[in-house]
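Okay, structure first, notes after.
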Amino acid sequence: MRWVYVVAHPEATHHVERRVGGWFDSALTTRGRVDAQAIAERLRELIPPAARVELYSSDLRRTVETASPIASVFGVDAVLLPELREKSYGIAGGLPQSWLDERFVPPPATGERLDHDEGIEGAETKLEWVTRVYRGMDRVRAGTAEHQVIVTHGGSLSWVVAAWLGLPVAACAHAAFRSSAGGITVLGEDDRFHNRTLHTLNDVDHLVTTPLPWVSGYSRGRPDSGSGG
Numbered sequence: 008m009r010w011v012y013v014v015a016h017p018e019a020t021h022h023v024e025r026r027v028g029g030w031f032d033s034a035l036t037t038r039g040r041v042d043a044q045a046i047a048e049r050l051r052e053l054i055p056p057a058a059r060v061e062l063y064s065s066d067l068r069r070t071v072e073t074a075s076p077i078a079s080v081f082g083v084d085a086v087l088l089p090e091l092r093e094k095s096y097g098i099a100g101g102l103p104q105s106w107l108d109e110r111f112v113p114p115p116a117t118g119e120r121l122d123h124d125e126g127i128e129g130a131e132t133k134l135e136w137v138t139r140v141y142r143g144m145d146r147v148r149a150g151t152a153e154h155q156v157i158v159t160h161g162g163s164l165s166w167v168v169a170a171w172l173g174l175p176v177a178a179c180a181h182a183a184f185r186s187s188a189g190g191i192t193v194l195g196e197d198d199r200f201h202n203r204t205l206h207t208l209n210d211v212d213h214l215v216t217t218p219l220p221w222v223s224g225y226s227r228g229r230p231d232s233g234s235g236g
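Read in order, the letters of the sequence shown are residues 8 to 236 in the working numbering.
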C-alpha cells in the first residue's frame, strides 16, 4: 500500500495581515509554528516507525518552515518543488486582500473557466496553476517510498488530490477539495488493483490551536481568489 499525506501549511503572516498570499513569501506566525510541530507529531503517529519516508514541499518560506519539523522527526531532507507553490496572483501578491477583492473578475458558471482572465496583471490562469501542480505530482509519483509527505498550500492541495486521483485537467474547471490551514489529507493506492483513494480529507484533530476557517486559496467563499495558501 502506498500512502501520501498532504499537509496544507498552517497560519502564516499574510493570513493575519489580510494580505494576498500566492507567491508572496510570507512566514509562519507563532501559532503556525506551534501547529507545524503538531503536524509533524501527528504524522509520526500515522506512519510506521520503520517506514521509509519521502518529503516534498513547496519552496516558499511558509511551507519550508512547515516541512522543517517533519524533516526532523523522520530524519529526512525535504525535496523543494516550486511546482507545489500556491497560485500566483501576479502584482496582487502581498497587497491588501481588499485590493484584490475590488479588481478580481470571477470565472463564469459555465463556459471557459480554466483559461479565464481574472483581470490581475501577471496572475496565473487556473489552467496554468493546475498544470504546474500536476507536473509537481509527476515528480512525487516517481518516488519509490511507500509513505510520502507533501507540504503545500490550501489552494494547490486541490490539484494535488486531483492529480493523485487521475482526474483530467478539464475536470478541475469545477473540482475543489477544501482544506483548513494545518489540515492533513491522506491519499492511498493499493498494491493489487492500484486503485487510488481519497482516504481522509482535512483532518485537523491534531492542531493545538483552533483551526482557522477555510481560507486557503479562497476569499470569503469565492473560489480562486484570496489571501489563503
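Virtual Cβ for every residue (Gly too), placed ideally from N, Cα, C. Since this is a predicted model, take the numbers as computed values, not measurements.
Cβ separation of residue i and residue j, assumed to be a contact under 8 Å, to the nearest whole Å
| i | j | result |
| --- | --- | --- |
| V167 | V60 | Their Cβ separation, rounded to whole angstroms, is 17 Å, which puts V167 and V60 out of contact at 8 Å. |
| S79 | V158 | Contact flag wrong, Cβ pair sits at about 13 Å. |
| G100 | E128 | Contact doesn't hold; Cβ gap of about 11 Å is too wide. |
| L67 | G143 | 13 Å between Cβ atoms; not a contact. |
| I191 | R69 | In fact, because the Cβ distance is near 16 Å, the residues do not count as touching under 8 Å. |
| R92 | A180 | About 21 Å separates the two Cβ atoms, so there is no contact after all. |
| L172 | L205 | 7 Å |
Chain C contact for residue i (CB, 8 Å cutoff)
| i | result |
| --- | --- |
| I157 | Protein chains in the displayed structure number just one, and chain C is not present. |
Neighbour-count burial assignment, residue i, 16 or more Cβ in a 10 Å radius
| i | result |
| --- | --- |
| M8 | exposed |
| T37 | exposed |
| N202 | exposed |
| A19 | buried |
| H154 | buried |
| F31 | buried |
| A170 | buried |
| H21 | buried |
| T73 | buried |
| S95 | buried |
| R199 | exposed |
| E125 | buried |
| S105 | exposed |
| A57 | exposed |
| Y12 | buried |
| R229 | Interpretation of R229 is limited by its pLDDT of 37, a score under 50 that renders its predicted location unreliable; the figure taken from the coordinates is listed afterwards. Flag for R229 reads exposed. |
| W10 | buried |
Opposing strand residues paired with residue i [DSSP bridges]
| i | result |
| --- | --- |
| A130 | Y96 |
| P2 | What the structure shows of the chain is the stretch from 8 to 236, and residue 2 is not part of that stretch, so it cannot be assessed. |
| R203 | E196 |
| Q155 | V11 and E61 |
| V86 | Y63 |
| I54 | Per DSSP, none; premise fails for I54. |
| I191 | V14 and D210 |
| A19 | L35 |
Under 8 Å between C-beta atoms of residue i and residue j
| i | j | result |
| --- | --- | --- |
| E90 | R148 | no |
| P17 | A182 | no |
| A85 | L62 | yes |
| G150 | A15 | no |
| S163 | G236 | yes |
With three or more C-beta pairs closer than 8 Å as the rule, is the region 37 to 50 touching the region 208 to 217? The answer is yes - the region 37 to 50 touches the region 208 to 217, with three or more Cβ pairs under 8 Å.
Does the region 110 to 117 come into contact with the region 194 to 203, if we say contact requires no fewer than three beta-carbon pairs (one atom in each stretch) closer than 8 Å? Contact between the region 110 to 117 and the region 194 to 203 is absent: fewer than 3 CB-CB pairs across the two stretches fall below 8 Å.
Pairing CB atoms from the region 44 to 55 with CB atoms from the region 25 to 35, are three or more of them under 8 Å? No, because fewer than three Cβ pairs between the region 44 to 55 and the region 25 to 35 fall closer than 8 Å, the two stretches do not touch.
Within the chosen definition, does the region 168 to 181 reach the region 132 to 141 through at least 3 CB pairs nearer than 8 Å? Yes, they touch.
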